[in-house]
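J.: Sequential numbering from 25 applies to the sequence shown in this note's numbering.
Note that beta-carbon positions come from the ideal geometry of N, C-alpha and C, so glycine has one too.
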Amino acid sequence: MTSGRTLIFHLSDVHFGLEDNRALDWVKQEISEQRPDAVAITGDLTMRARHREFEAATQWINSLDAPVTVEIGNHDMPYFNPVERFFDPYRRMSAIQDKVEKEIDLPGLAVVPLKTVRRWQPRLNWSKGWVTDSALEKCLAAIDALPEGMQAIVTAHHPLREVGTQGTALTRNGRKALDALAVRPVLAVLSGHVHDAFDIVEETGSGPVRMIGAGTLSQRVRSTPPSFNELVWDGRRLEVTVRNLDHVLTQDMQISDVPANALPPRQPGEPVARVNQVPRTDPPVH
Ligand SMILES: [Fe+2]
Ligand SMILES: [Fe+2]
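1) Would you tell me roughly how many angstroms separate the C-alpha atoms of Arg66 and Leu138, rounded to the nearest one?
2) Assign Asn105 to one of three DSSP states: helix, strand, or coil.
3) Which residue comes first and which comes last in the alpha helix (DSSP H) that contains Gly198?
4) Note down, one range per segment and in chain order, each beta strand (DSSP E) of at least 3 residues found wholly within the stretch 137-182.
5) So, Val266 versus Thr274, is the Cβ gap smaller than 8 Å?
6) Where DSSP assigns a beta bridge to His34, which residues make up the other side?
7) Taking the continuous alpha helix (DSSP H) assigned at Leu48, which residues delimit it?
8) Nearest to Glu127 by alpha carbon, out of Ala221, Gln278, Ile167?
9) Closer than 7 Å to a non-hydrogen atom of ligand 2 - does that hold for the CB of Asn395?
10) Met41: beta carbon under 7 Å from a heavy atom of ligand 2?
11) Could you check what DSSP says for Glu127 in three-state terms: helix, strand or coil?
12) Say the cut is 7 Å; is the CB of Thr66 nearer than that to a heavy atom of ligand 1?
13) How close, in whole Å, do the beta carbons of Ser251 and Gly239 come, if the pair is a contact with beta carbons under 8 Å?
14) I need the straight-line Cα distance from Trp29 to Asp61, nearest angstrom please.
15) So does His34 have its beta carbon nearer than 7 Å to some heavy atom of ligand 3?
16) On the criterion of 16 or more Cβ atoms from any shown chain inside 10 Å, does His39 qualify as buried, or is it exposed?
17) Do Lys123 and Ile177 have their C-beta atoms within less than 8 Å of each other?
18) Can you look up Ile224 in the DSSP assignment and give me helix, strand or coil?
19) Between Ala286 and ligand 1, is the CB less than 7 Å from at least one heavy atom?
20) Going by beta-carbon coordinates alone, are Pro171 and His217 separated by less than 8 Å?
21) Residue range of the alpha helix (DSSP H) that Met277 falls in?
22) Based on the DSSP secondary-structure assignment, which residues constitute the bridge partners of Leu262?
23) Using only the alpha-carbon positions, how far apart do Leu69 and Arg244 sit?
24) Figure out for me which residue from Pro102, Asp220, Leu269, Ser230 has the closest Cα to the Cα of Thr248.
25) From this set, Asp276, Ser151, Leu48, which residue's C-alpha is nearest Ile96's C-alpha?
26) Got a sec, what are the start and stop residues for the beta strand (DSSP E) Ile236 sits in?
Below you can see the structure in the form of structure tokens.
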């Protein structure tokens, strides 16, 4: 960090098991060269929360030369062991225990986590987000405890967007969370899950909230190549650059709105979505 300038790398959806090693090697190199003040990883570390996937993911995360905070994604809860999912869902992340949902305090700025995954949901699609009252209270308490004048950057896996009807909401209680964040000193809410980058302002009844999404660093691309976000805060403005190996401009990497899921948009006449590279035994989740 140079004085008065804060550099944060926002990474997401590395999906070990279907990771993009070329992209991950590059990001690791960028981190060691640029030494960001913080690295925020907004979830989906693995494909199916398998032990071997977590071993690879936690090893890579622990090799990064920067303070790291990790959010949990819907792909990171044990799929094949419901007992473990319910009683000890974070056991497979023990190697990065000190980084999971960790607040990072920087000069004038704090990175504050907001959990959007649940062990179970009273609806069929568990891949979607849910901000519980306790998760929201924890996040708001952390923001309210910051010293006067400090700004917050909130990190979540799911974009805080309720799309369509209640039944198809991308993130249940997303609207409620945004309303609460709008009246606090929040620079932006960072998220992943949809595998494309965006930078939009969401209007709420309490005021605007900036929502910044990062793309994926896996082979599960949606409509843009693997990427991560480089955030620069100079004390007044938060600038976002979508870094990618294909040198696509930020404005061309960012989608204009939050989609309901991470599936690629179907083109007319296109029979198979690219996301179907995923092994056929996998359930159709995002
Ligand atoms: Fe994902
Ligand atoms: Fe996800």
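T.: Considering the structure as presented:
1) Numbered from its first residue, the sequence shown carries residue 66 at position 42. Numbered from its first residue, the sequence shown carries residue 138 at position 114. The sequence as given places Thr at residue 66; Arg does not occur at that position. When rounded, the distance between both Cα atoms is 10 Å.
2) Position 81 of the sequence shown holds residue 105. Three-state result, Asn105: coil.
3) Counted from its first residue, the sequence shown places residue 198 at position 174. Where Gly198 is concerned, the enclosing alpha helix (DSSP H) stretches over 198-206.
4) Counting only runs that start and end inside the stretch 137-182, the beta strand (DSSP E) elements of at least 3 residues fall at 175-179.
5) On the sequence shown, residue 266 is found 242 positions in, with the first residue counted as 1. On the sequence shown, residue 274 is found 250 positions in, with the first residue counted as 1. Yes.
6) Start at 1 with the first residue of the sequence shown, and residue 34 comes out as number 10. Answer by DSSP bridge pairing, in chain order: Ala64, Asn253.
7) For the purposes of this step, residue 48 is taken as residue 24 along the sequence shown, with counting starting at 1. Per DSSP, Leu48 belongs to the alpha helix (DSSP H) from 45-58.
8) The count along the sequence shown starts at 1 and reaches residue 127 at position 103. Checked all of Ala221, Gln278, Ile167; the closest Cα to Glu127 is Ile167.
9) No information on residue 395 is available, as it lies outside the stretch 25 to 310 that the chain covers here.
10) Numbered from its first residue, the sequence shown carries residue 41 at position 17. Here residue 41 turns out to be Gly, not Met, going by the sequence shown. For ligand 2, not one heavy atom lies less than 7 Å from the Cβ of Gly41.
11) Mapped onto the sequence shown, residue 127 falls at position 103. Reduced to three states, the DSSP call for Glu127 is coil.
12) Reading the sequence shown from its first residue, position 42 is the one you call residue 66. Because no heavy atom of ligand 1 lies under 7 Å away, the Cβ of Thr66 does not count as near it: no.
13) Position 227 of the sequence shown, counted from the start, is the residue given in the question as residue 251. Position 215 of the sequence shown, counted from the start, is the residue given in the question as residue 239. So it is a contact: roughly 4 Å between Cβ atoms.
14) The residue you call residue 29 lines up with position 5 of the sequence shown. The residue you call residue 61 lines up with position 37 of the sequence shown. For the sequence presented, residue 29 should be read as Arg rather than Trp. Arg29 and Asp61 have their C-alpha atoms roughly 9 Å apart.
15) As far as ligands go, the structure on display features ligand 1 and ligand 2 and does not contain ligand 3.
16) The count along the sequence shown starts at 1 and reaches residue 39 at position 15. Result: buried.
17) Taking the sequence shown and counting its residues from 1, one reaches residue 123 at position 99. Taking the sequence shown and counting its residues from 1, one reaches residue 177 at position 153. No, the pair does not count as a contact, with Cβ atoms beyond the cut-off.
18) Here the question's residue 224 lines up with position 200 in the sequence shown. Reduced to three states, the DSSP call for Ile224 is strand.
19) The residue labelled residue 286 in the question sits at position 262 within the sequence shown. Yes; taking the cut-off as 7 Å, the Cβ of Ala286 has a heavy atom of ligand 1 nearer than that.
20) Stepping through the sequence shown from its first residue, residue 171 is reached at position 147. Stepping through the sequence shown from its first residue, residue 217 is reached at position 193. Not in contact: Pro171 and His217 (Cβ atoms no closer than 8 Å).
21) The sequence position of residue 277 within the sequence shown is 253, counting from 1. Element bounds for Met277: 274-277.
22) By 1-based counting over the sequence shown, the position of residue 262 is 238. BP columns for Leu262 point to Trp257.
23) The residue labelled residue 69 in the question sits at position 45 within the sequence shown. The residue labelled residue 244 in the question sits at position 220 within the sequence shown. Each residue's alpha carbon lies about 12 Å from the other.
24) Counting from 1 along the sequence shown, the entry for residue 248 is found at position 224. Answer by Cα proximity: Asp220.
25) Reading the sequence shown from its first residue, position 72 is the one you call residue 96. Among Asp276, Ser151, Leu48, the Cα nearest to that of Ile96 is on Ser151.
26) On the sequence shown, position 212 is the one that residue 236 refers to. Unbroken beta strand (DSSP E) run through Ile236: 231-237.
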